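Below you'll find the structure, written out as structure tokens, and then a few comments.
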Amino acid sequence: MHLTLHINGIDHELEVPAHTTLLAALRGLGFHGVKFGDEHGLTGADTLLLDGKPVNAGSLLAAQAEGHKIATIEALGEHPEQGWKQTGGLHPLQKAFVESGAIQCGYCTPAQILAAKALLDKNPNPSEAEVREAIAGVLCRCTGYLKPVQAVMKAAAELRGEVSSDQLSVGSGQLPVQTDTPPGEKLIADDWSLTATKIAPKVILAPQTEQWQTVGKPEVKVDAVKLVQGKPAFAADLEKRGLLHAKVLRSPHAHARIKRIDASKARALEGVAAVLTWQDIPRVVYSTAGQSDPIPGPLDTFSLDNKVRFVGDRVAFVAAETPEIAEQALSLIEVEYEVLPAILDSREALDNPVKIHDEPEYVNFADSNPEKNLAAHIRIDIGDVEKGFAEADEIFEAEYEVPKVQQAHIEPHVCVTYWDEDDRLVIRTSTQVPFHVRRQLAPVLGLPIKRIRVIKPRIGGGFGGKQEVLMEDVAAHLTIATGRPVMYEYTREEEFTAARSRHPMRIKMKTGVKRDGTITANAMYALSDTGAYGCHALTVTGNTGHKAMALYVGDGEYRKSPNIRFYADVVYTNTPPAGAYRGYGVPQGFWPLERHMEKIARAMGFDPIEFRLKNAIRPGEYHPFSTAWNEGREPRPEIIHTVGLEQCVAQGKAAIGWDEKFGNEAWHNPSKVESRKSGGATLDLRPSTRRGIGVAFVMQGTAIPYLDMGGASIKMNDDGSFNLLVGATDLGTGSDTVLAQMAAEVLGVPLEDILVYSSDTDFTPFDKGAYASSTTYISGTAVVKAAQICAERIKLRAAKMLNTQVDRYTGTQVKAEEIRLADRKAYAPDGRSVTLAEIALDTLHHNNQEQIMGVASYVSPSSPPPFAAQFAEVTVDTETGQVTVDKLVMAVDSGVIVNPLTASGQIEGGMTQALGYAVCEEMTWDERGLIRQRDFDRYHIFRADEMPELQTIFVETFEPSHPFGVKAVAEIPMDGVAPAVGNAVLDAVGVNVDDNPITPEKVWRAIKGK
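First residue of the sequence shown? That's 1 in this note's numbering, and the numbers climb one at a time after it.
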């Protein structure tokens, strides 16, 4: 079919099949700002403007767009001025998104901006509610929508002429970090203080924190400008000649053997380049978990097997000239199955006569036992637990349940594989763990590691789901078979049925307490469901106890020798495999723990906050699990140096109004309320409305001690700028920016002088990848060490250059250790200076030439935990059970905050994901084992117009084990929202819902006693 599409003011002639979508046509023409998120336009990532109105390009045929005006993100603005921090050439919306920190992974950013542009074109002065409604069709899993909404408000004001172009310029430092500003107080002296307050977090600075030049400042992300322009930065944006498209035939059965498979008709189909079955590739057992060697879990997976273990398991691979031909080929493959009994309930798995893994190649790890359908077996006793229970005045026991949920990153899993000019296999993939992908795939593919190169481009969200060697082997096998480039991109249904998820668990709690509120013993048992394969089985479930149960150690003599027990069985079932998801087992632990603590406090008449503080771990105490658990490796004792819980509680209580609301019946039973979503209007409430307030304490970890390593190299360029090469993986968190800030601080240059290159196994130093909240701490320390090596060489050269000036200027001989680097110069104590550009030219071209560079790596002996107090305010309708979360406040101790703008975005996005976990997200399966929630109609994640008010407060402590005092930040916001909401529901209506999500039906049944 011949078409003429009018795109961004230019006519484009093209020949396409009649079934071609507008999305496929545009991407084929090189308009990469339009993204694939799903097949039905439910993510909104494919949003563009058709005659000025937002539409979903994936839901339109290209032919339907003929005769209309199409606008993509590429039409907005001009190329910005030189330098990635310059935004002068951008559209005000693009500029506002950059400066407000509204971009994390950036995958949905073009769509949000176009939806916002359509709004501002017809309504130049929208309310916040109108902005939220306008962008509600674009799902974002990263940001929590707060900063994108405020960016639109800021851009609207600028377009009206109300805000000058630099009033909120983060890079210039005009958006300050608070020291102790009360919530809602003006931060900057202009008419846009409300937006500034919402964009900037409150930061209580650590007393030891110095006034650094770059660290601690809300700098613009180093990749923000290219992402806001929709540049081809993601894995699927790579264009290769002769590209084949991969598809996978998947099992319709939860458990079956393949008796016969015939692919002859599929292979004969025109346009099919290869069909692979289990008979066509080597049978190599491995684990898909992207973890350091040795992988702490069983080896129980094959690229293709003659047995399928869940609905959606792999049966065959196809590569064809188009996705449509590949799909047709799948339907031509004939498979005869011997259907086997399936285990779909974790409670029926242990010692079941049905064996999910009976393959002889299975490799045990620790206490895995396929004969018992056991992927991992954990038994940890600290102190004398039975003695502790015997000494308790009260014993509290309860059972809790947490569901299977999906990471739901907007960019699906996608990779492109091809042979390079040296006959090396290149894998360009949206992974969190490029070095693990290379190491783990080499034996599976039958290639030496040196013949594999893995490149990680920008990632459209990961959240642990891409800490998996999940689909790279499919494309790689097909490239090996055909000799041609292959792209494999998951459908949204594959994400739900074949990717990974959070481990569902059934958890029992038992706690002994003295009459004075001292915890004498605490025990947890978890029955964890790993699904059909044991990836992350041991480590995720171990974290459930390790991170959560360490928080409360008791008081008095029990504080010195706590009594804690954590037992767990991780079982195989014939359901889609679980894996890594942000928080990595810890949210599963804090749901029962913090719900349990709330029940105990209320039953014994204690203030729930004071009860927690009495028993919580304190600075200078040993982490109770440090001598008992280290992910299957030898544990070593560790002292916790920094605990900011008391300060977090004080700040969080003030922000949410705890003292005014908790126990106040007039507040709990209101007749009217001010509605934020209705522009502040006062609304009458139903008589059945009750309000509640809740809290949860949480802690996490920072990296894996004595195991995971990060590396960095830095070299100086001719103009005094630096190239920073890191193996660390930025998946939207802003880690490239944060690492560059640390390097810039050491080297005395602005952030724009640090050029970051990350995650290419050929060129960047090794890094274990983005998981365990370790990048800022582990990789950051490596960056600081490498920068210090460079700084020492620079100072030596500067001293020589300055000392040659003694005869020409009044001055004394200067020593290298006296040199100070700042403002792109090396300063002597007497004020004389030489620029870094002059030093670079001298070292590279003039005298005793050398390349100033530093290479360093770091493995930490410690894992300093961040701490937080999570508060929630809810409204409950007692007639329907509907729970509305009105406000979330998180006060968090993550050490020193290197970049408050990106860090607060992590908290806001994490709280939003956790909110879904609390009230609506859940994956279930039918009697066949088929997942019911296979798209975003049936699996609901929060939209911009559904969000509660969010507030982030950073309470800094200076962690002595890091050069800049940092701890982890990205995972901890996942931990406390669900229990805080559960406790708020209890506060509102006096009933407990012990299995989340907290749905209206569960609340209604609890209220009615059913």
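We put the beta carbon where it would ideally sit given N, CA and C, even for glycine.
Since the structure is predicted, the reported quantities are computational estimates derived from the model, not experimental observations.
Using the three-state DSSP reduction, which class does residue i fall into: helix, strand or coil?
i	result
residue 982	helix
residue 334	strand
residue 10	strand
residue 917	helix
residue 720	coil
residue 803	helix
residue 781	helix
residue 177	Note that residue 177 scores 38 on pLDDT, short of 50, meaning its location in the model is unreliable; the coordinates nonetheless yield the value given after this. Residue 177 falls in the coil class under three-state DSSP.
residue 636	coil
residue 28	helix
residue 95	helix
residue 54	strand
residue 998	coil
residue 870	strand
residue 966	strand
residue 183	For residue 183, the predicted structure reports a pLDDT of 32, less than 50, and the residue's modelled location is therefore unreliable. A value from the coordinates is still provided. If DSSP states are grouped into helix, strand and coil, residue 183 belongs with coil.
residue 591	helix
residue 157	helix
residue 667	helix
residue 466	coil
residue 597	helix
residue 117	helix
residue 400	strand
residue 543	helix
residue 814	coil
residue 658	helix
residue 192	With a pLDDT of 36 at residue 192, under the threshold of 50, the modelled position of this residue cannot be trusted, and the question is left open.
Can you tell me the Cβ-Cβ gap for residue i and residue j, rounded? I've got them flagged as a contact below 8 Å.
i	j	result
residue 706	residue 861	6 Å
residue 769	residue 536	So it is not a contact: roughly 13 Å between Cβ atoms.
residue 1012	residue 520	Because the chain spans 1 through 1010 in this model, residue 1012 falls outside it and cannot be assessed.
Closer than 6 Å by C-beta to residue i: which residues in its own chain qualify, once you throw out the five before and the five after it? Chain order, please.
i	result
residue 661	667, 693
residue 56	41, 46
residue 112	135, 138, 148
residue 408	141, 941
residue 495	412
residue 340	255, 256
residue 37	43, 45, 410
residue 15	2
residue 490	412, 413
residue 818	829
residue 606	517
DSSP beta-bridge partners for residue i?
i	result
residue 524	509, 566
residue 954	203, 892
residue 834	826
residue 68	For residue 68, which the question treats as bridged, DSSP gives no partner whatsoever.
residue 419	425
residue 773	DSSP output for residue 773 lists no bridge partner at all.
residue 299	363
residue 247	318
residue 925	931
Using C-beta distances below 7 Å, list every residue in its chain close to residue i, excluding the 5 sequence neighbours before and after it, in chain order.
i	result
residue 1032	Outside the shown range of the chain (1 to 1010) lies residue 1032, about which nothing can therefore be said.
residue 786	712, 713, 714, 854, 855, 856
residue 447	425
residue 782	710, 711, 712, 856, 857, 858
residue 730	736, 758
residue 644	867, 893, 955, 957
Check whether the Cβ of residue i lies closer than 9 Å to any Cβ atom in chain D.
i	result
residue 157	In the displayed structure, chain D is absent; only one protein chain is listed.
* Touch test, the segment 493-510 against the segment 392-400, Cβ-Cβ under 8 Å, three pairs minimum -> yes
* Would you say the segment 59-70 touches the segment 196-208, given that touching needs at least three Cβ pairs under 8 Å? -> Taking a contact to require three or more Cβ pairs closer than 8 Å, the segment 59-70 and the segment 196-208 do not qualify as touching.
* Asked: Do three or more CB pairs link the segment 772-785 to the segment 833-852 at distances below 8 Å?
  -> no
* Does the segment 279-287 come close enough to the segment 538-556 that 3 or more CB-CB pairs lie under 8 Å? -> The segment 538-556, when compared against the segment 279-287, does not touch it at the 8 Å Cβ threshold.
* Asked: Are there three or more Cβ pairs, one per stretch, closer than 8 Å when the segment 696-710 is compared with the segment 877-888?
  -> As far as the Cβ criterion goes, the segment 696-710 does not touch the segment 877-888, which means the pair count is below three.
* Any chance the segment 887-902 sits against the segment 948-955, with 3 or more Cβ pairs inside 8 Å? -> yes
* Is there contact between the segment 757-769 and the segment 787-795, where contact requires at least three CB pairs shorter than 8 Å? -> no
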